[in-house]
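Chemist: Let me begin by handing over the structure; questions about it come next.
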Ligand code: ZN
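Numbering (the working numbering), first residue to last: 224 to 381.
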């Protein structure tokens, strides 16, 4: 046990954590661990990125930079302006369909998650998770139910 958290002879045994100095634990233990875990970059930013992965939005909306690759599914896109970014395309069913790759002139955005843009599979696997989260929320389900829906279906116990 780290010294900061160890019992000591002067501690109040009825409140076994009252002698723990939160600031000391933070600076000697938690922050170095955070820096270790998020070796690259600022822990606060890395944590924010992780939260986004945990609860992705139901639509992508990524704005394309000049020269960025875009993908159109010839089977499912309802019109030729419907495009997906590389990340969404790679996580979607459409990579197994007939598709066309182009290069963005910049300014357009990824249509992944727009149910009016695709005849089927409007969400890649990432944004489908976001959709599941929204639905739980709409139904007024508790936090626990929302989290359970993020567990892959094949390991969920009914
Ligand atoms: Zn498709």
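Cβ atoms here follow ideal geometry from the backbone N, Cα and C, with glycine treated the same way.
#1: Following a CB-centred definition, is residue 298 positioned closer than 6 Å to any heavy atom of the ligand ZN?
#2: Which term fits residue 241, buried or exposed, when burial requires 16 or more other beta carbons within 10 angstroms of its beta carbon?
#3: Looking at C-alpha atoms only, which residue of 333, 321, 259, 233 is the closest neighbour of residue 291?
#4: Within 10 angstroms of the Cβ of residue 232, are there 16 or more other Cβ atoms? Answer buried if so, exposed if not.
#5: So, are the CB atoms of residue 382 and residue 279 less than 7 Å apart?
#6: Around the Cβ of residue 281, are there at least 16 other Cβ atoms within 10 angstroms (buried) or fewer (exposed)?
#7: Could you check what DSSP says for residue 279 in three-state terms: helix, strand or coil?
#8: Does the Cβ of residue 258 have 16 or more other Cβ atoms within 10 Å, making it buried, or fewer, making it exposed?
Modeler: Here's the rundown:
#1: yes
#2: exposed
#3: 333
#4: exposed
#5: Outside the displayed range of the chain (224 to 381) lies residue 382, so it cannot be described from this structure.
#6: buried
#7: coil
#8: exposed
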